[in-house]
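Chemist:
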Amino acid sequence: MLTSLYDARMVKKALSLFEQMPELPVGCSVPLLQALHIVTRDARINQDSRRKLKQVAHLVRFIEPLIHEAVARRGDVTVVDHGAGKSYLGFVLFDWVLRALELGRVEGIESRPELVARSQALAQTFGFERMGFHAMTVKEALSQQTIQGPVDIVTALHACDTATDDALDFALHHDAQAVVVVPCCQAEAAAVLRQNKALQLAKTPLSELWRHPLHTREMGSQVTNVLRCLRLEASGYQVTVTELVGWEHAMKNELIIAKRVGHAKRSAQTRLQEILETMGLQSLWPRFAPKGAASELA
Ligand SMILES: C[S@@+](CC[C@H](N)C(=O)[O-])C[C@H]1O[C@@H](n2cnc3c(N)ncnc32)[C@H](O)[C@@H]1O
-11 MLTSLYDARM
-1 VKKALSLFEQ
9 MPELPVGCSV
19 PLLQALHIVT
29 RDARINQDSR
39 RKLKQVAHLV
49 RFIEPLIHEA
59 VARRGDVTVV
69 DHGAGKSYLG
79 FVLFDWVLRA
89 LELGRVEGIE
99 SRPELVARSQ
109 ALAQTFGFER
119 MGFHAMTVKE
129 ALSQQTIQGP
139 VDIVTALHAC
149 DTATDDALDF
159 ALHHDAQAVV
169 VVPCCQAEAA
179 AVLRQNKALQ
189 LAKTPLSELW
199 RHPLHTREMG
209 SQVTNVLRCL
219 RLEASGYQVT
229 VTELVGWEHA
239 MKNELIIAKR
249 VGHAKRSAQT
259 RLQEILETMG
269 LQSLWPRFAP
279 KGAASELA
């Protein structure tokens, strides 16, 4: 009697949730969403949580086919999420896709140990044994070879500043089959543009594109993502750029999806170098050098 009462309450909560967010998949765990504080105890979603869940749900739609491709190819799949934060993406991917597959792993890399401890506890509560969490920076995860074995999919959702670039280093090192990143703001390129502005203004009319301080910041962000795409193409990936969700939902909304095709596009490396030179960004070559390229700019 008690059980059926409890079940009836859960069903009611789930129905209310699906009414609020029809895009949620049938069978998703409402208690998990509650434990992640995305959904309240009475199954309501506030505006911020709805935005986050929409982003994650949309991202899962892009990642799910990549998971199936990896499983078809090698009978297993490993997803490594960089700058995982509270691991919303990892938990949702596991619950909505990997749980039913009964195989595959999600590994989260996050520099804040308290968030990692929280995710470890949550995974234990829900019995998600095929999830791992690592309290370290992306750079450390790479240098310490924290993740052993093949890495199929590298993700990074709003990983701060250059952590997205570190995630790309990680993907290239592991020859990941797919890369799915939604970059956060990156300040490095804007700082170099700012520093070399006077020189570039004398050299090229294109520097008008970043003369005003607001434009310097925006151009820094824009050129960073362009260089990331060229780097991936020059390292043997086919790249698609789209938006994650409608602009009304998020500011940092650029979604870069790259699939490994094996042949490096030489023209992409040439373009990358030309852009660095035209914009006075040569010092950033080590950041954006494609896999296998010389460490010095030719
Ligand atoms: C804006 S939050 C995004 C978290 C999560 N991906 C999400 O979308 O909810 C960025 C996270 O990246 C972590 N982070 C920043 N730099 C990092 C680095 N170099 N290595 C690992 N984690 C990093 C931060 O601690 C923070 O939790």
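Residue numbers (the working numbering): -11 to 286.
The beta carbon of each residue, even a glycine, is placed where N, CA and C say it ideally should be.
1) Which residue comes first and which comes last in the beta strand (DSSP E) that contains H146?
2) Check each candidate in T192, D64, F121, G280 and name the one with the smallest Cα separation from L77.
3) Just to check, is the beta-carbon of S209 closer than 7 angstroms to a non-hydrogen atom of ligand 1?
4) Take Q132 and list the residues in its own chain whose beta-carbon comes closer than 8 angstroms to its own, dropping the five residues that flank it on each side.
5) Given that a residue counts as buried once 16 or more other Cβ atoms are within 10 Å of its Cβ, and exposed if not, what is K253?
6) From the DSSP output, in three-state form, read off F290 for me.
7) Kindly identify the DSSP beta-bridge partner or partners of H251.
8) Considering Q188, what are the terminal residues of the alpha helix (DSSP H) in which it resides?
9) Which word fits H46, buried or exposed, when buried means at least 16 other C-beta atoms lie within 10 angstroms of its C-beta?
10) Distance, Cα to Cα, S99 vs C172?
11) Please state whether DSSP places L91 in a helix, a strand or coil.
12) Reducing DSSP to helix, strand and coil, say where D287 ends up.
13) Closer than 8 angstroms by C-beta to A281: which residues in its own chain qualify, once you throw out the five before and the five after it? Chain order, please.
14) Below 8 angstroms, how does it come out for the region 212 to 221 and the region 126 to 146: are there three or more Cβ pairs, yes or no?
15) Leaving out the 5 sequence neighbours to the left and right, which residues in its chain are closer than 6 angstroms to K279 when beta-carbon positions are compared?
16) Start and end of the beta strand (DSSP E) containing V229?
17) Report the three-state DSSP secondary structure of G96 (helix, strand or coil).
18) For the alpha helix (DSSP H) holding A159, just list the boundary residues, first then last.
19) Rounded to whole angstroms, what's the CA-CA distance from M(-11) to R29? Just pull it up for me.
20) So what does DSSP say about L272, is it helix, strand or coil?
21) Nearest CA to the CA of R248: which residue from Q226, E206, E231, L181?
22) From the DSSP output, read off the bridge partner residues of A246.
23) Taking K191 as the reference, give the member of G92, M267, E176, V65 with the closest Cα.
24) When we look at the beta-carbon of V126 and count the other beta-carbons within 10 Å, is it buried (16 or more) or exposed?
25) If you draw a straight line from the C-alpha of A164 to the C-alpha of E57, how long is it?
26) Assuming V68 and I55 form a contact by the criterion Cβ under 8 angstroms, report the distance between their Cβ atoms to the nearest whole angstrom.
27) Do you know how far the Cα of V94 is from the Cα of R118?
28) Say the cut is 7 angstroms; is the CB of D157 nearer than that to a heavy atom of ligand 1?
29) Starting from the Cα of G115, find the closest Cα among R87, H25, V233 and give me that residue.
30) Given that a residue counts as buried once 16 or more other Cβ atoms are within 10 Å of its Cβ, and exposed if not, what is D36?
Modeler: Reading from the atomic positions:
1) Looking at the DSSP string, H146 is not in any beta strand (DSSP E), and its letter there is neither H nor E.
2) The shortest C-alpha separation from L77 is found at F121.
3) In this structure, S209 has its CB at a distance of at least 7 angstroms from all heavy atoms of ligand 1.
4) Contacts found: M124.
5) Under this definition K253 is a buried residue.
6) What the structure shows of the chain is the stretch from -11 to 286, and residue 290 is not part of that stretch, so it cannot be assessed.
7) In the DSSP secondary-structure assignment, H251 is not bridged to any residue.
8) Run containing Q188: 185 to 191, per the alpha helix (DSSP H) assignment.
9) Buried.
10) Distance between the alpha carbons of S99 and C172: 16 angstroms.
11) Coil.
12) There is no way to answer for residue 287, as the model of the chain reaches only from -11 to 286.
13) Beyond the five residues adjoining it in sequence on each side, A281 comes within less than 8 angstroms, by CB distance, of A222, Q257 in the same chain, given in chain order.
14) Short answer: they don't touch.
15) The answer, listed in chain order, is L160, S223.
16) Here the beta strand (DSSP E) through V229 covers 225 to 231.
17) Here G96 sits in strand by DSSP.
18) Counted as a single uninterrupted DSSP element, the alpha helix (DSSP H) harbouring A159 occupies residues 151 to 161.
19) Residue confidence for M(-11) is low, a pLDDT of 42 falling below 50, so the modelled location carries little weight; the figure read from the coordinates is stated next. Taking the straight line from one Cα to the other gives about 22 angstroms.
20) The answer is helix: DSSP assigns L272 an H, G or I state.
21) Nearest C-alpha to R248: Q226.
22) DSSP output for A246 lists V167, V227 as bridge partner(s).
23) Nearest option by C-alpha distance: M267.
24) By the 10 Å Cβ count, V126 comes out buried.
25) Cα to Cα, A164 sits roughly 13 angstroms from E57.
26) Wrong, their Cβ atoms sit about 13 angstroms apart, outside the cutoff.
27) Going from the Cα of R118 to the Cα of V94 covers about 7 angstroms.
28) Not one heavy atom of ligand 1 is found less than 7 angstroms from the C-beta of D157.
29) Closest option to G115, Cα to Cα, is R87.
30) Exposed is the label assigned to D36, since fewer than 16 other Cβ atoms lie within 10 Å of its Cβ.
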